[in-house]
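Chains as they are written, first to last, in the working numbering: chain A, 20 to 180; chain B, 2 to 426.
Quick notes on the structure that follows.
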Amino acid sequence: MIPDDAVNTDAIMPRAGFSLPREQQRKLVLASLRPGWSEQVQEGDVLVAGNSFGIGSSRPAVTVLQALGLRAIVAESFGEVFLRNSVSYAMPVLECPGVLATVDEGEMVEVDMGAATVRNLTRGCELSGQPLPEMLIDVIKRGGLYAMLREQGYMASVVRA
Amino acid sequence: MGSTMANKVLASHAGLAKVSPGDIVVTEVDSVVMSDTAFYLAADRLPSDIEKVAHPERVSILLDHGVPAPAIDTAHSHKRAREHAKRLGLRLLADVGRHGIEHQVVLERALGLPGQLLACNDTHTTGAGVLNCAARGIGLADVVYLACTGKTWYRASPAIKFVLQGRLPSGTSAKDLFLHLSRRFGSQQGHDVEYHGPGLSTLGIDERSTLAIMSTELDANFVMMPADEVLLDYLAGITGEPFTPVEPDPDAEYAAVYEVELGEVQPFVALPHRINGNVVPLHELEGQHVAVDQCFIGSCSNGKLSDLRDAAAVLAGQRVADGVRLLVTPASQAIYLEALRAGYIETLTEAGAVVTPATCGACAGGHSGVVGPGEVCITSSTRNFKGRMGSAEAEIYMASSAVVAASAVLGHIGGPLAVAGVGVA
């Protein structure tokens, strides 16, 4: 959980890591806010976050969270561009006011994007969020915008020499 | 109820009669701007080449974040940008030497016009609101998708209306006005922002641009200003393209309307690590002798000719204090040349400042003036987040370019009035 309000993308994805290999970049994720946090994230974890998560720069900060193994983010609310990037890079995200009061660190949760719900399996309760429109859920299902562009022939599958 | 400016632009570009807050709409976009950050070869940037674009005449590439290239991966991104511009027949490539920070180049070359919609993969894109052009940052993958297919999506927002009255007191600037708005009204998350009122006509294009760019730091989505005489005069000098300005409907509904008396603005400073909820009047800090290591004047918001002019006025006949470095980065090469002709660069250099070529540079902590652990920086650039300008163990204060220049002379945070000789006839 990162319950802090207004976490910015410089903190999530620091400039210092832009050119580093993924393994080293991983250590920097949110390190200025929560030293050591990124090392604890495990494959399949769901991140529960506070208000205005991911404000600031448009850098694709969601991708370093994906690389940690996170498979969904549920926040009280998101920064606008962070929300867009999450859809574009195929990370399931749900705006869910009240989630901080419904989930605690370490509890098991299940996120249903279609129904826009978070179910706390530990407590046996459920909370409804703001549903994403079908069009955007479809982008996530199709693997994000780059996968769609390749499908449609706009983008090469390889890099020019 | 009627519509706000940005929602009218969204409606006209989505082929709809009306767009209401909360609606998600798919639109065409008149001007698509990509920076060098789009062309890094990485899974999360541009992992393979673009094969075709729907409307090459709408797409511009403006190199800015890493200019001249400070590292091999940046040089590679520039090479890819040039290759794409040429092969796809794009509208414009602002290459090294003819470059500037994208939001400044958009302004100088009128890449967005009144009533139009502009998108770019950088959050300070709101700067084009000066041009009565609806503009906001979208993600990098979004902008690539838009360039390719000619379409993108927006979630329409309710708007906040700021009505500006009066005139800024001498010794204050548009940066102080922004800090005043942040201090008084805080984050406008989830909202567009419109600026209106007689006070707006007292602000020139530079000052409006600073305000529109910095409104991103109020967490605004679209930022709009009307097509008044100041703007129409400005555009008449640089473009002959036709356009249809947008204005809000007379009965447009706003989430809030705030009256702002410009005469109440004073020099302000944002304290380290965030802006909203963290702004204090300069005089409250002046007694505290906050020592500085680096002073930075630059970025899309404050690397304007007026910023270099203000800095030169403070530094004329002065010296940057020992142990302090003052870095000045014009927002474009065009500004660099004008500042050179006006003598500002000579004055700044004589005083001990380093004037760099136009680039985002130190503002984003990439190069040309990164701060080290434990250092204190005062900047007139766009953000003071932890780690933004280099080390996460540095402290970043934000103020106007005049206050940054004065702090460089004093060796601690202070205003021009504290610098001996300034303001004395």
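Glycine is no exception: its CB is placed at the ideal position from the N, C-alpha and C atoms.
A quick note: this is a predicted structure, and the numbers were derived from the prediction, not measured.
Practice task
Pair every Cβ in the region 399-414 of chain B with every Cβ in the region 170-185 of chain B, then say whether three or more of these pairs are closer than 8 Å.
Solution key: yes
Problem - Residue from B:264, B:176, B:158 and B:205 whose Cα sits closest to the Cα of residue 231 of chain B - result: Along the second sequence, read from residue 1 onward, the residue named residue 231 of chain B stands at position 230. Minimum Cα distance to residue 231 of chain B is reached at B:205.
Problem - Closest residue to residue 66 of chain A among A:108, A:106, A:170 and A:93 (Cα-Cα distance) - result: Looking up residue 66 of chain A in the first sequence gives position 47. Checked all of A:108, A:106, A:170 and A:93; the closest Cα to residue 66 of chain A is A:93.
Exercise for the section: Compare the C-beta of residue 425 of chain B with all C-beta atoms of chain A and state if any pair is closer than 7 Å. Expected result: Position 424 of the second sequence, counted from the start, is the residue given in the question as residue 425 of chain B. Unreliable positioning characterises residue 425 of chain B in this predicted model, as indicated by a pLDDT of 40, which lies under 50. A coordinate reading is not provided.
Problem - Under 7 Å (Cβ pairs) to chain B, residues found in the region 73-100 of chain A - result: 74, 75, 76, 77, 79, 82, 99 and 100
Handout entry: Within 7 Å of chain B by C-beta, residues of the region 30-41 of chain A in sequence order
Key = 30, 33, 34 and 38
Handout entry: residue 145 of chain A versus residue 115 of chain A - alpha carbon distance
Key = By 1-based counting over the first sequence, the position of residue 145 of chain A is 126. By 1-based counting over the first sequence, the position of residue 115 of chain A is 96. Those two C-alpha atoms are separated by around 11 Å.
Exercise for the section: Return the chain-ordered list of same chain residues with a C-beta closer than 7 Å to the C-beta of residue 180 of chain B, the five sequence neighbours on each side being excluded. Expected result: Locating residue 180 of chain B in the second sequence gives position 179, counting from the first residue. Closer than 7 Å at Cβ, skipping near neighbours: 269, 271 and 280.
Exercise for the section: Please confirm if the region 149-162 of chain B is in contact with the region 125-134 of chain B, defined as three or more CB-CB distances below 8 Å between the two stretches. Expected result: Between the region 149-162 of chain B and the region 125-134 of chain B, the count of C-beta pairs closer than 8 Å stays below three; the two stretches do not touch.
Problem - Span of the beta strand (DSSP E) around residue 162 of chain B - result: Residue mapping note: residue 162 of chain B aligns to position 161 of the second sequence, counting from 1. Run containing residue 162 of chain B: 160-166, per the beta strand (DSSP E) assignment.
Handout entry: Residues that residue 175 of chain A contacts on chain B, provided the C-beta gap is smaller than 9 Å
Key = Taking the first sequence and counting its residues from 1, the one referred to as residue 175 of chain A is at position 156. Here the neighbours are 49, 50, 51 and 52.
Practice task
Output yes or no for whether 7 Å exceeds the beta carbon distance between residue 189 of chain B and residue 221 of chain B.
Solution key: Counted from its first residue, the second sequence places residue 189 of chain B at position 188. Counted from its first residue, the second sequence places residue 221 of chain B at position 220. Yes, the pair counts as a contact, with Cβ atoms nearer than the cut-off.
Practice task
Within the same chain, show all residues whose beta-carbon is closer than 6 Å to that of residue 20 of chain B, passing over the 5 residues directly before and after it, in chain order.
Solution key: The sequence position of residue 20 of chain B within the second sequence is 19, counting from 1. Counting only Cβ-Cβ distances below 6 Å, and skipping sequence neighbours, we find 8, 11, 12, 26 and 157.
Exercise for the section: Using only alpha-carbon positions, find the residue among B:263, B:103 and B:354 that is nearest to residue 324 of chain B. Expected result: Taking the first residue of the second sequence as position 1, residue 324 of chain B is located at position 323. Closest option to residue 324 of chain B, Cα to Cα, is B:354.
Exercise for the section: For my contact list, residue 34 of chain A and residue 367 of chain B are in at a C-beta cut-off of 8 Å; report their separation, rounded to the angstrom. Expected result: Reading the first sequence from its first residue, position 15 is the one you call residue 34 of chain A. Reading the second sequence from its first residue, position 366 is the one you call residue 367 of chain B. Correct: roughly 6 Å between the Cβ atoms.
Exercise for the section: Would you check if the distance between the CB atom of residue 332 of chain B and the CB atom of residue 117 of chain B is smaller than 7 Å? Expected result: Residue numbering aside, residue 332 of chain B sits at position 331 when the second sequence is read from its first letter. Residue numbering aside, residue 117 of chain B sits at position 116 when the second sequence is read from its first letter. Cβ distance not < 7 Å, so residue 332 of chain B and residue 117 of chain B don't count as in contact.
Handout entry: C-alpha gap between residue 128 of chain B and residue 177 of chain A, whole angstroms
Key = As a first step, residue 128 of chain B is located in the second sequence; it is residue number 127 there, counting from the start. As a first step, residue 177 of chain A is located in the first sequence; it is residue number 158 there, counting from the start. The straight-line gap from Cα to Cα measures roughly 35 Å.
Exercise for the section: Confirm, please, whether the CB-CB distance from residue 299 of chain B to residue 210 of chain B is below 7 Å. Expected result: Numbered from its first residue, the second sequence carries residue 210 of chain B at position 209. Numbered from its first residue, the second sequence carries residue 299 of chain B at position 298. Taking 7 Å as the Cβ cut-off, residue 210 of chain B and residue 299 of chain B do not qualify as a contacting pair.
Problem - Proximal chain A residues relative to residue 140 of chain B, where beta-carbon distance stays under 7 Å - result: As a first step, residue 140 of chain B is located in the second sequence; it is residue number 139 there, counting from the start. Per Cβ cutoff of 7 Å: 77, 79, 100, 103, 104 and 107.
Problem - Rounded straight-line distance, which links the Cα of residue 238 of chain B to that of residue 335 of chain B - result: Numbered from 1 along the second sequence, position 334 holds the residue referred to as residue 335 of chain B. Numbered from 1 along the second sequence, position 237 holds the residue referred to as residue 238 of chain B. In a straight line, the C-alpha of residue 335 of chain B is about 15 Å away from that of residue 238 of chain B.
Handout entry: Members of the region 108-122 of chain B near chain A, C-beta cut-off 7 Å
Key = 122
Handout entry: Neighbour list for residue 25 of chain B in chain E, Cβ cutoff strictly below 8 Å
Key = The chain inventory of the structure shown lacks chain E, comprising the protein chains A and B.
Problem - Rounded Cβ spacing between residue 380 of chain B and residue 297 of chain B (contact assumed at less than 8 Å) - result: As a position in the second sequence, residue 380 of chain B is number 379, starting the count at 1. As a position in the second sequence, residue 297 of chain B is number 296, starting the count at 1. The pair is a contact, with the Cβ atoms about 4 Å apart (cut-off 8 Å).
Handout entry: Sub-7 Å separation of residue 151 of chain B and residue 55 of chain B beta-carbons
Key = Residue 151 of chain B sits at position 150 when you count from the first residue of the second sequence. Residue 55 of chain B sits at position 54 when you count from the first residue of the second sequence. Closer than 7 Å, so yes.
Problem - Whole runs of the beta strand (DSSP E) within the region 36-99 of chain A, excluding any shorter than 3 residues - result: 65-68 and 91-94
Exercise for the section: Would you list the one or two residues that DSSP bridges to residue 25 of chain B? Expected result: By one-based count along the second sequence, residue 25 of chain B stands at place 24. Paired residue(s): B:156.
Exercise for the section: Would you kindly work out how many angstroms separate the C-alpha atoms of residue 393 of chain B and residue 51 of chain A, rounded to a whole number? Expected result: In the second sequence, residue 393 of chain B corresponds to position 392, counting from 1. In the first sequence, residue 51 of chain A corresponds to position 32, counting from 1. Their backbone Cα atoms lie some 6 Å apart in a straight line.
Problem - Separation of residue 289 of chain B from residue 73 of chain B, as counted between CA atoms - result: Counted from its first residue, the second sequence places residue 73 of chain B at position 72. Counted from its first residue, the second sequence places residue 289 of chain B at position 288. Roughly 43 Å between the two C-alpha positions.
Problem - Reduced DSSP category for residue 102 of chain B - H, G, I as helix; E, B as strand; rest coil - result: Stepping through the second sequence from its first residue, residue 102 of chain B is reached at position 101. It is coil, neither helix nor strand.
Exercise for the section: Have a look at B:214, B:292 and B:161 and flag the residue whose alpha-carbon is nearest the alpha-carbon of residue 253 of chain B. Expected result: In the second sequence, the residue the question calls residue 253 of chain B occupies position 252. For residue 253 of chain B, the nearest C-alpha among the options comes from B:161.
Exercise for the section: Would you mind sorting residue 127 of chain A into buried or exposed? The rule is 16 or more other CB atoms within 10 Å of its CB. Expected result: The count along the first sequence starts at 1 and reaches residue 127 of chain A at position 108. The residue is exposed, with fewer than 16 neighbouring Cβ atoms inside 10 Å.
Problem - Contact set for residue 104 of chain A: own chain, Cβ-Cβ below 6 Å, skip 5 residues either direction - result: Within the first sequence, numbered from 1, the residue matching residue 104 of chain A stands at position 85. The answer, listed in chain order, is 79 and 81.
Exercise for the section: Report all residues from its chain with a CB closer than 7 Å to the CB of residue 235 of chain B; omit the five preceding and five following residues, and keep chain order. Expected result: As a working note, residue 235 of chain B is residue 234 in the second sequence. Hits under 7 Å: 206.
Exercise for the section: Check whether the Cβ of residue 151 of chain B lies closer than 6 Å to any heavy atom of the ligand NAP, and answer yes or no. Expected result: By its list of ligands, the structure shown contains no ligand whatsoever, and the ligand NAP lies outside what it can speak to.
Handout entry: Contact set between the region 174-195 of chain B and chain A, restricted to residues whose Cβ is under 7 Å from the partner
Key = 190
Handout entry: Per-residue burial, residue 199 of chain B [other beta carbons within 10 Å of its own, 16 or more giving buried]
Key = The residue you call residue 199 of chain B lines up with position 198 of the second sequence. Exposed: under 16 other Cβ atoms inside 10 Å.
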